[in-house]
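Since the structure comes first, as structure tokens, the remarks are kept for the end.
In the working numbering, the protein residues as written are 3 to 294.
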């Protein structure tokens, strides 16, 4: 991928922050680093350096790292500038990089795309990385991290090898079926293929990974004074809903998001449902919203 332009972007959180990490990847990453630092740092060793633009103006003092490809996160030459995280500092560094020939700002997800194109990660790991960045609960974090580390890819590769082995046994029997001393399928063949089928069905029956991120929406509905608001407050561990022995206390829909056992839930408290005419028009609106 040497024809690719060299890209750069802020890979840490948006400023202001204590530290801002600007990542550079591509064939001209080393030249860009040398222009800003004035020298080439030792590979894979952090060093403190003053950053200057091509006009020699001091931009910042930063921790710089140089990673020659292809054994890098993107599979390309890679550099990182750990600058002070102020808005003006990051803007000045990015402007200095943009002024260098052959460099441009990275598009969203472009570092990950290059890592995939260069064989540094597969699709499952790329999806796991996206899930890890958006994980909000312990369960979704653990599941996403497992995918980033290749757990799903190794599982799928194991299934693939077993399918190929079973297929080879069938082909071997078919290829020599005309010979007098042809062999039958081994006795364990049926058991092996059934076990593989059960594993695949069990895997497909598991909750989708998206569910760990999106969570579950649980609506508490029922007649007035059934204890919906009391249960709602207990579930969210907060007195968000007013409770009273007077029927029809809850008038509006109340929602709260919580995590239980690492799984995100959104609990919804609603007005009590009852039939017949209502003299209270506000309660009637609440019931309509609960039913809607």
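From the three backbone atoms N, C-alpha and C, an ideal C-beta is built for every residue, glycine too.
From a predicted model like this one, the values you see are computed outputs, not experimental measurements.
First and last residue of the uninterrupted beta strand (DSSP E) at residue 133: Stepping through the chain shown from its first residue, residue 133 is reached at position 131. No beta strand (DSSP E) contains residue 133, which is instead part of the alpha helix (DSSP H) from 125-136.
Answer yes if the region 29-48 comes into contact with the region 125-137, meaning at least three C-beta pairs across the two stretches below 8 Å, and no otherwise. Note that the region 125-137 does not touch the region 29-48; fewer than 3 beta-carbon pairs, one per stretch, sit closer than 8 Å.
According to DSSP, is residue 316 helix, strand or coil? Any property of residue 316 remains undetermined from this structure, which presents the chain solely from 3 to 294.
N- and C-terminal bounds of the beta strand (DSSP E) containing residue 231: The residue you call residue 231 lines up with position 229 of the chain shown. Looking at the DSSP string, residue 231 is not in any beta strand (DSSP E); the run it does join, the alpha helix (DSSP H), is 230-238.
Using alpha carbons as the reference points, say which of 63, 244 and 81 lies closest to residue 272. Translated into positions along the chain shown, residue 272 becomes position 270. Closest option to residue 272, Cα to Cα, is 244.
Taking only three categories from DSSP, how would you classify residue 49? As a position in the chain shown, residue 49 is number 47, starting the count at 1. In the structure shown, residue 49 sits in a strand (DSSP, three-state: E or B).
I'd like to know whether the C-beta atoms of residue 22 and residue 12 end up nearer to each other than 8 Å. Reading the chain shown from its first residue, position 20 is the one you call residue 22. Reading the chain shown from its first residue, position 10 is the one you call residue 12. The criterion of a C-beta distance shorter than 8 Å is satisfied by residue 22 and residue 12.
Between which two residues does the alpha helix (DSSP H) containing residue 92 stretch? The count along the chain shown starts at 1 and reaches residue 92 at position 90. From DSSP, the alpha helix (DSSP H) with residue 92 extends over 89-100.
Below 8 Å between beta carbons: does that hold for residue 24 and residue 61? As a working note, residue 24 is residue 22 in the chain shown. As a working note, residue 61 is residue 59 in the chain shown. Annotated as distal: residue 24 and residue 61, with beta-carbon spacing of 8 Å or more.
Give the secondary structure of residue 195 by DSSP, where H, G and I count as helix, E and B as strand, and everything else as coil. Walking along the chain shown from the start, residue 195 turns up at place 193. Note: residue 195 maps to helix in three-state DSSP.
Please state whether DSSP places residue 121 in a helix, a strand or coil. One-based indexing of the chain shown puts residue 121 at position 119. In the structure shown, the three-state DSSP call for residue 121 is coil.
Pairwise C-alpha distance: residue 118 and residue 137: To locate residue 137, count along the chain shown from 1; it is residue 135. To locate residue 118, count along the chain shown from 1; it is residue 116. Rounded to the nearest whole angstrom, the C-alpha separation of residue 137 and residue 118 is 21 Å.
CB of residue 78 within 8 Å of CB of residue 107, strictly: Counting from 1 along the chain shown, the entry for residue 78 is found at position 76. Counting from 1 along the chain shown, the entry for residue 107 is found at position 105. No. Outside cutoff.
How far does the alpha helix (DSSP H) with residue 142 in it extend, from its first residue to its last? By one-based count along the chain shown, residue 142 stands at place 140. Run containing residue 142: 140-150, per the alpha helix (DSSP H) assignment.
Could you pull the DSSP bridge partners for residue 374 from this structure? Outside the shown range of the chain (3 to 294) lies residue 374, about which nothing can therefore be said.
Cα-Cα separation between residue 281 and residue 125, rounded to whole angstroms: Position 279 of the chain shown, counted from the start, is the residue given in the question as residue 281. Position 123 of the chain shown, counted from the start, is the residue given in the question as residue 125. Unreliable placement is indicated for residue 281, whose pLDDT of 47 sits below 50; the coordinate value is still reported in the next sentence. Each residue's Cα considered, the two are about 59 Å apart.
Rounded to whole angstroms, what's the CA-CA distance from residue 54 to residue 144? Just pull it up for me. As a first step, residue 54 is located in the chain shown; it is residue number 52 there, counting from the start. As a first step, residue 144 is located in the chain shown; it is residue number 142 there, counting from the start. Distance from the CA atom of residue 54 to the CA atom of residue 144, rounded to whole angstroms, is 41 Å.
Span of the beta strand (DSSP E) around residue 271: Taking the first residue of the chain shown as 1, we reach residue 271 at position 269. Annotation for residue 271: the continuous beta strand (DSSP E) segment containing it runs 265-271.
I'd like the list of long-range same chain contacts for residue 64, defined as Cβ closer than 7 Å, with 5 residues on each side in sequence excluded. Along the chain shown, read from residue 1 onward, the residue named residue 64 stands at position 62. Excluding sequence neighbours, residue 64 sits near 51, 53, 83, 84 and 85.
Can you round the beta-carbon distance between residue 268 and residue 259 to whole angstroms, since I take them to be within the 8 Å contact cut? What you label residue 268 is simply residue 266 of the chain shown in a count that begins at 1. What you label residue 259 is simply residue 257 of the chain shown in a count that begins at 1. About 5 Å separates the beta carbons of residue 268 and residue 259, which is inside the 8 Å limit, making them a contact pair.
Comparing C-alpha positions only, which one of 254, 32 and 48 sits nearest to residue 10? Counting from 1 along the chain shown, the entry for residue 10 is found at position 8. Of 254, 32 and 48, the residue nearest in Cα terms is 32.
Please tell me whether residue 7 and residue 105 are closer than 8 Å, where the distance is taken between their beta carbons. Along the chain shown, one-based indexing puts residue 7 at 5. Along the chain shown, one-based indexing puts residue 105 at 103. With contacts defined as CB atoms closer than 8 Å, residue 7 and residue 105 qualify as a contacting pair.
Which residues in the same chain as residue 154 place their Cβ atom closer than 6 Å to its Cβ, once the five residues preceding and following it in sequence are excluded? Here the question's residue 154 lines up with position 152 in the chain shown. For residue 154, the CB contacts under 6 Å within the same chain, skipping 5 residues up- and downstream, are 126 in chain order.
For residue 151 and residue 76, which I take to be in contact (beta-carbon distance under 8 Å), what is that distance rounded to the nearest angstrom? Residue 151 sits at position 149 when you count from the first residue of the chain shown. Residue 76 sits at position 74 when you count from the first residue of the chain shown. Actually they are not in contact, since the Cβ atoms of residue 151 and residue 76 sit about 18 Å apart, beyond 8 Å.
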